[in-house]
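**Q**
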Amino acid sequence: MARSFFNPGVFHYVLLIFFTKATDAESPTSHPHQGKVLPFQAGPPKVELDGKAERILSNGKPFQSQIQLETSGRGLVIQDVKAPTHIVWEKILDYDNYAKMVPKTIESENYKVHVHDDNSQTIYTRMKVGFPLIKLEFFIKHEYKPELNSLTWTLDYSKKSDFDDSCGYWYVIPHPSNPNWSRVYYSVELALFDWMPKFVMNFISNKALTDATSWVKQFSEMKQQTSDVTLIVSKTMTTKKDKNARSEVYVIDNKEECSTAIIKISKPFCRSRYVMLCTVV
């Protein structure tokens, strides 16, 4: 007797998504409201870091705290990044490439950017995130204020998003003890529709904060390492072509100068020099 693999729970779930999307397609293009969650304010967060927090951060791990509001608090994650603030902001603002960097993001593109006289920017971005059996599209209005070291966002309520509401916050400053590093603060609040699957809610509530700062740390530090290699090559190395290799071979007097770069030491070139095959990520 043949076994049936029909699962009524999955079938009803797929039907729910299908009819929800069909209803959305016929609904107005604007969002059903103009905001439910309280937007973040630009500027420094109202949080103090004690000795325990500093120890966690010095070990390269994120520290989680809260931003206190009038009647409640919001989750806040802080992360130290071994890259200067301009590189961190370069990655945060690179919305057109979020699909290559940010977990669960499958599409991201700016559809409108306004640069204001004070060098602040209003950036409108369409994003799509993917989970098993479901993809969610949403439209974000970012307000970047470099003089306040901040970026805040809400939904763009002129367009219909698959999230009920969302707002968020980045704050980036030089590291207090190393000006070539950054200290990054991130917070987000998300309101979901009732039809949203539980596993999506669990992922967002458990992973959204730490995942956000993790990818910024990873790609900012990779960018900084690339910059380190470029600087070393331009200042301390002479270049020779290796006829038997596809890449260039660099000759340097002191291998310690390359300690922060991603470098594979090949073999001694002579007593005082080393041949370096530099691999830049």
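Read in order, the letters of the sequence shown correspond to residues 76 to 356 in the numbering used here.
Note that CB positions come from ideal geometry on N, CA and C, so glycine has one too.
Taking only three categories from DSSP, how would you classify residue 254?
**A** Here residue 254 refers to the residue found at position 179 when the sequence shown is read from its first residue. In this structure, residue 254 counts as coil in the three-state DSSP scheme.
**Q** Identify whether residue 289 lies in helix, strand or coil by the three-state DSSP scheme.
**A** By one-based count along the sequence shown, residue 289 stands at place 214. In this structure, residue 289 counts as helix in the three-state DSSP scheme.
**Q** Tell me the rounded alpha-carbon separation between residue 202 and residue 278.
**A** Here residue 202 refers to the residue found at position 127 when the sequence shown is read from its first residue. Here residue 278 refers to the residue found at position 203 when the sequence shown is read from its first residue. For residue 202 and residue 278, the distance between alpha carbons rounds to 17 Å.
**Q** Out of 215, 112, 129, 118, which one is the CA nearest neighbour of residue 69?
**A** The structure shown does not extend to residue 69, since the chain spans only 76 to 356, so no value can be given for it.
**Q** Along the chain, where does the beta strand (DSSP E) that runs through residue 227 open and close?
**A** The residue you call residue 227 lines up with position 152 of the sequence shown. Element bounds for residue 227: 225-230.
**Q** Suppose contacts are defined by Cβ-Cβ distances below 8 Å. Is residue 167 in contact with residue 291 by that definition?
**A** Taking the first residue of the sequence shown as 1, we reach residue 167 at position 92. Taking the first residue of the sequence shown as 1, we reach residue 291 at position 216. The answer is yes: Cβ separation under 8 Å.
**Q** Look at the Cβ atom of residue 267, then the Cβ atom of residue 238, and state whether they are nearer than 8 Å.
**A** Stepping through the sequence shown from its first residue, residue 267 is reached at position 192. Stepping through the sequence shown from its first residue, residue 238 is reached at position 163. Yes, the Cβ-Cβ distance between residue 267 and residue 238 is below 8 Å.
**Q** Just checking my contact of residue 240 with residue 215 at CB under 8 Å: how many whole Å lie between their CB atoms?
**A** Walking along the sequence shown from the start, residue 240 turns up at place 165. Walking along the sequence shown from the start, residue 215 turns up at place 140. About 11 Å separates the two Cβ atoms, so there is no contact after all.
**Q** For the region 186-203 against the region 255-263, are there 3 or more C-beta pairs whose distance is under 8 Å?
**A** These segments do not touch.
**Q** Under 8 Å between the Cβ atoms of residue 42 and residue 159?
**A** Not covered by the structure: residue 42. The range shown for the chain is 76 to 356.
**Q** Taking only the alpha-carbon atoms, compute the straight-line gap between residue 137 and residue 260 and give it to the nearest angstrom.
**A** Residue mapping note: residue 137 aligns to position 62 of the sequence shown, counting from 1. Residue mapping note: residue 260 aligns to position 185 of the sequence shown, counting from 1. Each residue's Cα considered, the two are about 10 Å apart.
**Q** In whole angstroms, what separates the C-alpha of residue 123 from that of residue 104?
**A** One-based indexing of the sequence shown puts residue 123 at position 48. One-based indexing of the sequence shown puts residue 104 at position 29. Whole-angstrom Cα-Cα distance: 42 Å.
**Q** What are the partner residues of residue 196, as DSSP defines its beta bridges?
**A** Locating residue 196 in the sequence shown gives position 121, counting from the first residue. Its beta-bridge partners are 190, 219.
**Q** In terms of residue numbering, what span does the alpha helix (DSSP H) encompassing residue 173 cover?
**A** Taking the first residue of the sequence shown as position 1, residue 173 is located at position 98. It spans 173-176 - the alpha helix (DSSP H) in which residue 173 sits, taken as one unbroken run.
**Q** Report buried or exposed for residue 264, applying the criterion of at least 16 other Cβ atoms within 10 angstroms of its Cβ.
**A** Numbered from 1 along the sequence shown, position 189 holds the residue referred to as residue 264. When all chains shown are included, residue 264 counts as buried.
**Q** Out of 262, 297, 276, which one is the CA nearest neighbour of residue 363?
**A** In this structure the chain extends from 76 to 356, so residue 363 is not present and cannot be described.
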